[in-house]
Amino acid sequence: MKIILISAVSSNGFIGKNNQLMWHLPNDLKRFKNMTFGETVLMGRKTFESIGKILPGRRNIILTKKNKIHFFSSTNKTNSRVTFEVYSSLKQIYDLNYKKIFVIGGEKIYTSTIDKAHIIELTVIHKKFYGDAKFPKIPLSKWKKIYEFFHEKDKHHLYNYSFIRYERKD
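My numbering applies: residue 23 is where the sequence shown begins, and numbers increase by one.
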């Protein structure tokens, strides 16, 4: 199973505050959708609740120890069936042996999966924000930066940002 962590992170490592993003970058959202559409996404309960809906066009997996979420299936407004799955341990998810899985948050899920991850896709916002959730430190001795594309702020993006890909060293 190829595990890919995908996140937007401030220059000082924060990813959220009060279970919300602290910025709005349309190009980051487009990149996220393009990378994850048609794929399996894994998120924690708090991330799922902050999104407030099932991400369409993806297999949604929620990891939680709470019994607040139950298996759910319904039809959305385009009459497509939308579902999500709930598991209580990473082992259960790893045993599913998907070809590829995108880890989309939050802090605890990133921290629990970074040691098994193969790729990290980051959008780094070149500004310090202060929140209550951080992305784990990337041990650069174990990771190689494959690319970094810098983007200047513009009328739709209030901050400079970079798209960065890391791959685990063999």
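By construction, the Cβ of each residue, glycine as well, lies at the ideal position given by its N, Cα and C atoms.
Buried or exposed: residue i, going by 16 or more other Cβ atoms within 10 Å of its Cβ?
i: Asp50; result: buried
i: Phe169; result: It should be noted that the sequence gives Tyr, not Phe, for residue 169. With fewer than 16 Cβ atoms within 10 Å of its Cβ, Tyr169 is classed as exposed.
i: Ile37; result: buried
i: Pro48; result: exposed
i: Ser110; result: exposed
i: Ser16; result: The structure shown does not extend to residue 16, since the chain is modelled only from 23 to 192, so the question has no answer here.
i: Tyr152; result: exposed
i: Ser163; result: exposed
i: Pro161; result: exposed
Between residue i and residue j, how many whole angstroms is the CB-CB distance? I'm expecting something under 8 Å.
i: Trp165; j: Ile186; result: Wrong, their Cβ atoms sit about 10 Å apart, outside the cutoff.
i: Thr145; j: Arg53; result: 7 Å
i: Ile136; j: Phe106; result: That pair is no contact at about 23 Å.
i: Ile270; j: Leu64; result: Residue coverage of the chain in this structure runs from 23 to 192, which leaves residue 270 outside it and unanswerable.
i: Ile26; j: Leu85; result: Their Cβ separation, rounded to whole angstroms, is 16 Å, which puts Ile26 and Leu85 out of contact at 8 Å.
Select from the options the residue whose C-alpha is nearest the C-alpha of residue i.
i: Asp154; options: His173, Glu129, Ser110 and Lys175; result: Glu129
i: Lys68; options: Ser184, Lys39 and Arg190; result: Lys39
i: Lys24; options: Glu61, Ile76, His179 and Arg80; result: Glu61
Query raised in the report: What are the complete beta strand (DSSP E) segments, minimum 3 residues, inside the segment 25-104?
Result: 36-38, 62-66, 81-85 and 94-97
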